[in-house]
């Protein structure tokens, strides 16, 4: 027989379990105290990035990760950041491996000089297709 006391105990336990569940599936936590911002979303995968000024303010350290939590596990995606100088892509880049859906990649970083000549291109790869575009440093939030 369920008594009012047992009913309250069960309700309290269920509420606590639910709170733990929701806190563990909330948006991916910021890694190492960084505050990532969404930069672009392609194929339900979001490139998240932030920047920190380094070397006496002469460079940016760009941190990037790929949030693929909106996709089913079978839908793998990869993310790329390419350094651009005067509108031309360079050979400097960082890439994530293909990440299964419901997962977030490890954080990667790259250092880029500050100045009008420099910018970034970011994109997401999805099997035999991909999409992306230019990103200005002002589009990135500070870590």
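Residue numbers (this note's numbering): 1200 to 1342. C-beta atoms are modelled at their ideal positions from N, C-alpha and C, and glycine is treated no differently. Since the model is a prediction, treat every value here as computed from it, not as a measurement.
Same chain only: Cβ atoms within 8 Å of residue i, ignoring 5 sequence neighbours per side
i: residue 1258; result: 1252, 1310, 1311, 1312, 1313
i: residue 1338; result: 1238
i: residue 1331; result: 1239, 1241, 1279, 1320, 1321, 1322, 1323
i: residue 1256; result: 1313
Residues near residue i by beta carbon distance below 6 Å, same chain, minus five either side
i: residue 1308; result: 1260, 1262
i: residue 1269; result: 1243
Inter-residue spacing [alpha-carbon to alpha-carbon] between residue i and residue j
i: residue 1220; j: residue 1273; result: With a pLDDT of 32 at residue 1220, under the threshold of 50, the modelled position of that residue is not reliable, and the figure given next carries that caveat. Answer to the nearest angstrom: the Cα atoms are 23 Å apart.
i: residue 1266; j: residue 1279; result: 12 Å
i: residue 1296; j: residue 1315; result: 30 Å
i: residue 1288; j: residue 1250; result: 20 Å
Identity of the residue in the options nearest residue i by Cα
i: residue 1329; options: 1336, 1271, 1245; result: 1245
i: residue 1333; options: 1293, 1282, 1291; result: 1282
i: residue 1276; options: 1286, 1294, 1290, 1284; result: 1294
Beta-carbon contacts of residue i that lie in its chain and below 7 Å, excluding the five residues immediately before and after
i: residue 1335; result: 1318
i: residue 1292; result: 1279, 1280, 1281, 1282
i: residue 1248; result: 1235, 1236, 1238, 1261, 1262, 1263, 1339
Element boundaries [beta strand (DSSP E), containing residue i]
i: residue 1315; result: Note, residue 1315: premise wrong, no beta strand (DSSP E); not H, not E.
i: residue 1281; result: 1277-1284
**Report entry** Inter-stretch contact (C-beta, 8 Å, three-pair minimum) for the stretch 1319-1337 and the stretch 1298-1308
**Finding:** no
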